Every structure is written in structure tokens, then in C-alpha cells.
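First up is the structure itself, then whatever we jot down about it.
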Amino acid sequence: MYDLQRLLWDVRKDPELAERFRTEPDTVLDDYGIEGEERTAMRALDFKTLYERGANPYLLYFCALQIGVDRADYYARLRGESA
Amino acid sequence: MTPERRGRIVGVFTASHSPGITGFPERAEPGQRAAVERAFAEVRRRVEELAPQAVIAVSVEHFTNFFLGNLPAFAIGTAGSYLAPVTPEMGEFLDVEQHDHPGDAQLGDHLYRFALDAEFDPALVSGGLAFDENFCVPLKHIDPAARLPVVPVIVNGVNPPWPTAKRCYDFGRMIRAAVEAQSQAQRVVVLGTGGLSHWVGMPESGTVNEEFDRDFLDRMASGDRSRLTDYTQDQIDAAGNGAHEIRTWIVAAGAAGVPFETLVYEPVPAWLTGTAVAAARI
Numbered sequence: 004m005y006d007l008q009r010l011l012w013d014v015r016k017d018p019e020l021a022e023r024f025r026t027e028p029d030t031v032l033d034d035y036g037i038e039g040e041e042r043t044a045m046r047a048l049d050f051k052t053l054y055e056r057g058a059n060p061y062l063l064y065f066c067a068l069q070i071g072v073d074r075a076d077y078y079a080r081l082r083g084e085s086a
Numbered sequence: 007m008t009p010e011r012r013g014r015i016v017g018v019f020t021a022s023h024s025p026g027i028t029g030f031p032e033r034a035e036p037g038q039r040a041a042v043e044r045a046f047a048e049v050r051r052r053v054e055e056l057a058p059q060a061v062i063a064v065s066v067e068h069f070t071n072f073f074l075g076n077l078p079a080f081a082i083g084t085a086g087s088y089l090a091p092v093t094p095e096m097g098e099f100l101d102v103e104q105h106d107h108p109g110d111a112q113l114g115d116h117l118y119r120f121a122l123d124a125e126f127d128p129a130l131v132s133g134g135l136a137f138d139e140n141f142c143v144p145l146k147h148i149d150p151a152a153r154l155p156v157v158p159v160i161v162n163g164v165n166p167p168w169p170t171a172k173r174c175y176d177f178g179r180m181i182r183a184a185v186e187a188q189s190q191a192q193r194v195v196v197l198g199t200g201g202l203s204h205w206v207g208m209p210e211s212g213t214v215n216e217e218f219d220r221d222f223l224d225r226m227a228s229g230d231r232s233r234l235t236d237y238t239q240d241q242i243d244a245a246g247n248g249a250h251e252i253r254t255w256i257v258a259a260g261a262a263g264v265p266f267e268t269l270v271y272e273p274v275p276a277w278l279t280g281t282a283v284a285a286a287r288i
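Protein chains in written order, with the working numbering: chain X, 4 to 86; chain P, 7 to 288.
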């Protein structure tokens with residue numbers, strides 16, 4: 004979970020990384036060594052799963068905004084109301 | 007040092023710092039917005055009257071500077087200036103033009119040394135600390151020209167486990183003792199910012215726990231240390247992850263050592279926050 008949270012934090016602080024995650028998420032996930040369920044969830048922007056696995060909600064929310072997920076969409080995904 | 011030469015805490019104020027207060031005030035009901043802005047204007051008037059030489063500003067920070075690789079429970083800033091807020095984009099979001107806010111490096115250094123001697127172990131932040139809504143939102147109203155030199159004190163209120171309420175209160179008492187143990191800053195104001203109930207990035211976001219908030223304000227009004235520190239993590243969780251920011255109010259209460267008057271309380275779902283401003287009866 005530390006590696007994932009590190010990614011969430013770095014994305015928040017680095018617009019270029021956010022853009023790279025939007026266009027080539029797999030290379031970013033490789034760089035951060037994120038595998039398994041966390042990788043699947045992050046790739047699908049499945050914030051509900053990441054939240055339930057213990058990601059800090061501030062980090063999750065700030066990262067979502069930075070990669071272009073709007074507030075309403077973030078909360079819909081967090082609540083499992085979005086595909 | 008003669009008693010009349012000692013520094014004094016001349017005022018202690020506490021306030022919410024929801025980005026909505028400055029960034030999107032129009033989303034609140036007009037009456038609520040006006041009430042909150044009146045309370046901030048009252049604090050500004052009182053602070054101008056008190057003419058402090060420095061403000062010890064106690065808040066959390068929202069992963070703007072610190073991360074889980076090194077997350078202090080308490081930190082003290084000793085820099086001469088602070089970037090406020092951290093990016094131009096955040097400036098637009100908060101409607102606060104990015105600027106350098108002056109820091110009181112000498113008082114910050116004194117507070118850090120005093121804390122260690124008093125057997126507290128805060129992190130030292132001697133440069134590079136940027137503000138987010140923590141200080142930018144209340145200071146826009148209280149110190150719009152960004153003139154008052156600040157000593158930032160950061161309390162972890164964003165990631166569990168948290169410092170206890172008792173430790174926060176006692177940290178505040180230590181701040182008062184520190185101010186009184188120096189003579190460079192004769193008149194010091196303490197500002198605590200955060201809370202009250204709110205949920206950030208969580209499914210409950212947008213709700214307010216008015217019962218928790220009113221009970222907390224009642225405890226602040228009592229000035230009773232045992233009531234102010236009688237919180238478990240679960241009890242605060244009932245008012246959201248953002249409610250853990252009440253630690254900043256508890257630090258301020260420790261620094262004041264007297265009851266507070268609530269200048270405003272409004273539950274504002276549009277700002278995602280139980281919004282309050284209070285002042286110590288000094």
C-alpha cells in the first residue's frame with residue numbers, strides 16, 4: 004500500500020506524471036511496482052476498492068482530481084455507483 | 007527578564023478552513039455565508055486592535071508538504087517566509103493569489119528550542135514549508151494584506167494514528183509558556199484552524215455531524231481541559247476524517263487556558279463542513 008500511496012501523492016504534486024498516468028498507466032504502474040488487486044483497481048479508477056484496502060482518502064481524492072476525474076465522478080466511483 | 011518585558015498571548019482564535027469559505031462562498035446559503043463572513047470580520051477587527059507582532063498559527067496540512075514516508079505528529083516552522091498557497095492552481099481554487107507570507111523565524115526558533123526543553127519532540131521545518139487551505143483560507147479574512155509574521159505549527163490530523171487530545175492540549179500549554187519565556191515578540195496571537203465535522207474523499211462527504219460540532223463547541227466554551235481532551239479516535243471518527251483537525255482547536259485551547267465564545271456555527275453541506283469561528287475570552 005505504501006507504493007500505491009506514494010504514486011497517489013506523486014501524481015498530486017507532479018502534473019507531468021498525472022498526464023503520463025492518463026496516457027500510459029501501465030508504464031507508471033510498472034515504475035512504482037504496483038501489482039495485483041491494487042494495480043487492477045488503480046488502472047480501472049476503482050476508488051472503492053482502493054479505499055477499502057486502506058488508501059488514505061485525502062490522497063485518493065487529490066490524485067483523482069489531478070488525473071482529471073471530476074468531484075462527482077470520484078464520489079460515484081468511491082460509492083460503487085459507476086462502472 | 008522583568009515580568010512586564012515578557013511576551014504575552016494577547017488573543018486566541020479558532021476557525022474552520024474549508025476551501026469553500028474563500029473558493030466558492032456563493033454555494034452556501036446567503037444567510038450562512040454572511041454569518042461566517044461577519045465572524046471572520048470580527049476576528050480581523052479584534053486582531054487589528056490587538057496589534058500582535060506575530061501569530062502562532064496551528065493547523066494540519068493536507069499532504070502538501072509531508073507524506074507517509076516522514077509524517078510528523080507535530081512540526082514547527084522556523085522559516086522567514088512561506089509560499090502561500092503551494093501552487094498557482096491552488097491559488098485559483100482557493101481564490102487566494104499566490105504570495106510569500108512572512109514568517110517570524112526568531113520566534114519559531116525559540117518555540118522549537120523551548121519545545122525540546124519542555125520534552126516535546128516536534129519536527130523542525132526550517133524552510134520549504136508551503137501553505138494550503140490550512141492557513142490561506144483563514145488568513146485571507148484575518149490578515150488580507152499578509153503582513154502578520156507567522157510561526158506555523160502543524161499537527162497531524164490527516165492520517166491515523168493521531169496524537170492524543172491530551173497531548174494536543176498540553177502542546178498548547180507549552181506554546182503559552184514558550185511565548186512567556188521570551189521578550190522579542192511582546193504581543194502574540196494564536197490561531198487554530200481546522201474542523202469541525204467533515205469527510206474528505208470518503209463516501210459520507212457532504213454530510214455534517216451537527217450534534218458532534220455543537221457538543222465540541224460547548225466543550226470549548228467550558229474551557230475544561232478534562233472535557234476537551236476526553237475524546238477517543240472512534241468518537242472523532244463519527245464526525246469524519248476531517249474532524250480530526252479539531253486537534254488544532256485543542257492546541258489553541260491549551261494555549262489560551264480560558265473558555266471560548268463561539269462567534270459563528272453553521273453546518274454548510276455546500277462547503278462540506280460544519281463551519282465555526284471562536285475566540286478565547288482573554
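For glycine and all other residues, C-beta sits at the position ideal for the given N, C-alpha and C.
Nothing here was measured: the structure is a model prediction, and the numbers come from that model.
**Prompt:** Under a CB-based cut-off of 7 Å, is Tyr35 (chain X) close to chain P?
**Reply:** One-based indexing of the first sequence puts residue 35 (chain X) at position 32. With 7 Å as the cut-off, Tyr35 (chain X) does not count as an interface residue toward chain P.
**Message:** Give me the residue from P:Phe19, P:Asn162 and P:Gly246 with the minimum Cα distance to Glu54 (chain P).
**Reply:** In the second sequence, the residue the question calls residue 54 (chain P) occupies position 48. When only C-alpha atoms are compared, the closest one is P:Phe19.
**Message:** With a threshold of 8 Å on Cβ separation, who are the neighbours of Glu31 (chain X) within its own chain once the five nearest residues in sequence on each side are excluded?
**Reply:** Here residue 31 (chain X) refers to the residue found at position 28 of the first sequence. This sequence places Val at residue 31 (chain X); Glu is not what is there. Leu10, Leu20, Arg23 and Phe24, listed in sequence order.
**Message:** I'd like to know if Leu32 (chain X) contacts chain P, where contact means its C-beta is closer than 7 Å to some C-beta of that chain.
**Reply:** Indexing the first sequence from 1 puts residue 32 (chain X) at position 29. No, because no Cβ of chain P sits closer than 7 Å to the Cβ of Leu32 (chain X).
**Request:** In angstroms with no decimal places, state the Cα-to-Cα distance between Gly18 (chain X) and Gln69 (chain X).
**Result:** By one-based count along the first sequence, residue 18 (chain X) stands at place 15. By one-based count along the first sequence, residue 69 (chain X) stands at place 66. The amino acid occupying residue 18 (chain X) in the given sequence is Pro; Gly does not appear at that position. If I take the Cα positions, the gap works out to 7 Å.
**Message:** Would Ala171 (chain P) and Ile256 (chain P) qualify as a contact pair, given that the criterion is a beta-carbon distance under 7 Å?
**Reply:** In the second sequence, counting from the first residue as 1, residue 171 (chain P) sits at position 165. In the second sequence, counting from the first residue as 1, residue 256 (chain P) sits at position 250. Taking 7 Å as the Cβ cut-off, Ala171 (chain P) and Ile256 (chain P) qualify as a contacting pair.
**Request:** Compute the distance between the beta-carbons of Ser203 (chain P) and Ala259 (chain P), then report whether it is under 7 Å.
**Result:** One-based indexing of the second sequence puts residue 203 (chain P) at position 197. One-based indexing of the second sequence puts residue 259 (chain P) at position 253. The answer is no: Cβ separation not under 7 Å.
**Asked** Mind pulling the chain P residues with CB within less than 8 Å of Arg15 (chain X)?
**Response** By 1-based counting over the first sequence, the position of residue 15 (chain X) is 12. Neighbours of Arg15 (chain X) on chain P, chain order: Phe69.
**Request:** Please determine, among P:Gly280, P:Val274, P:Asp240 and P:Arg231, the residue with the shortest C-alpha to C-alpha distance to Phe266 (chain P).
**Result:** If you number the second sequence from 1, residue 266 (chain P) lands on position 260. Per the Cα distances, P:Arg231.
**Prompt:** If the cut is a Cβ gap below 7 Å, which residues of chain X does Asn247 (chain P) touch?
**Reply:** On the second sequence, residue 247 (chain P) is found 241 positions in, with the first residue counted as 1. What Asn247 (chain P) touches in chain X: Pro60.
**Prompt:** Are Leu48 (chain X) and Gln8 (chain X) close, meaning C-beta to C-beta below 7 Å?
**Reply:** For the purposes of this step, residue 48 (chain X) is taken as residue 45 along the first sequence, with counting starting at 1. For the purposes of this step, residue 8 (chain X) is taken as residue 5 along the first sequence, with counting starting at 1. Against a cut-off of 7 Å, the Cβ pair of Gln8 (chain X) and Leu48 (chain X) comes out as no contact.
**Prompt:** What number of angstroms, rounded off, separates the C-alpha of Asp219 (chain P) from the C-alpha of Thr26 (chain X)?
**Reply:** For this step, residue 219 (chain P) is matched to residue 213 along the second sequence. For this step, residue 26 (chain X) is matched to residue 23 along the first sequence. If I take the Cα positions, the gap works out to 44 Å.
**Asked** Out of curiosity, what's the CA-to-CA distance linking Ala284 (chain P) and Thr70 (chain P)?
**Response** Looking up residue 284 (chain P) in the second sequence gives position 278. Looking up residue 70 (chain P) in the second sequence gives position 64. The alpha-carbon atoms of Ala284 (chain P) and Thr70 (chain P) are separated by roughly 26 Å.
**Message:** Can you check which of these residues, P:Ala121, P:Asn162 and P:Pro144, is closest to Arg44 (chain P) by C-alpha distance?
**Reply:** In the second sequence, the residue the question calls residue 44 (chain P) occupies position 38. Per the Cα distances, P:Pro144.
**Prompt:** If we cut at 7 Å on Cβ distances, does Arg23 (chain X) have a partner in chain P?
**Reply:** As a position in the first sequence, residue 23 (chain X) is number 20, starting the count at 1. Cβ-Cβ to chain P under 7 Å: no for Arg23 (chain X).
**Prompt:** To the nearest angstrom, how far is it from the Cα of Gly75 (chain P) to the Cα of Ala81 (chain P)?
**Reply:** Taking the second sequence and counting its residues from 1, the one referred to as residue 75 (chain P) is at position 69. Taking the second sequence and counting its residues from 1, the one referred to as residue 81 (chain P) is at position 75. Taking the straight line from one Cα to the other gives about 15 Å.
**Message:** Looking at the secondary structure, which residues open and close the beta strand (DSSP E) in which Ala284 (chain P) lies?
**Reply:** On the second sequence, position 278 is the one that residue 284 (chain P) refers to. Unbroken beta strand (DSSP E) run through Ala284 (chain P): Thr279 to Ala286.
**Request:** Give, in chain order, every residue of the segment 75-86 of chain X whose Cβ lies closer than 7 Å to some Cβ of chain P.
**Result:** Tyr78, Leu81 and Arg82
**Prompt:** CA-CA distance, Tyr118 (chain P) and Gly83 (chain P)?
**Reply:** Position 112 of the second sequence, counted from the first residue, corresponds to residue 118 (chain P). Position 77 of the second sequence, counted from the first residue, corresponds to residue 83 (chain P). About 8 Å.
**Asked** Who are the neighbours of Leu63 (chain X) on chain P, taking C-beta pairs under 7 Å?
**Response** As a first step, residue 63 (chain X) is located in the first sequence; it is residue number 60 there, counting from the start. By Cβ distance, chain P contributes Gly207.
**Request:** Check the Cβ of Asn165 (chain P) against every Cβ in chain X and list those closer than 7 Å, keeping chain order.
**Result:** Indexing the second sequence from 1 puts residue 165 (chain P) at position 159. The answer, in chain order, is Asn59.
**Item:** Beta-bridge partners of Arg14 (chain P), as assigned by DSSP
**Value:** Here residue 14 (chain P) refers to the residue found at position 8 when the second sequence is read from its first residue. P:Arg193.
**Message:** Using the Cβ count rule (16 or more neighbours within 10 Å means buried), how would you classify Ser22 (chain P)?
**Reply:** Counting from 1 along the second sequence, the entry for residue 22 (chain P) is found at position 16. Label assigned to Ser22 (chain P): buried.
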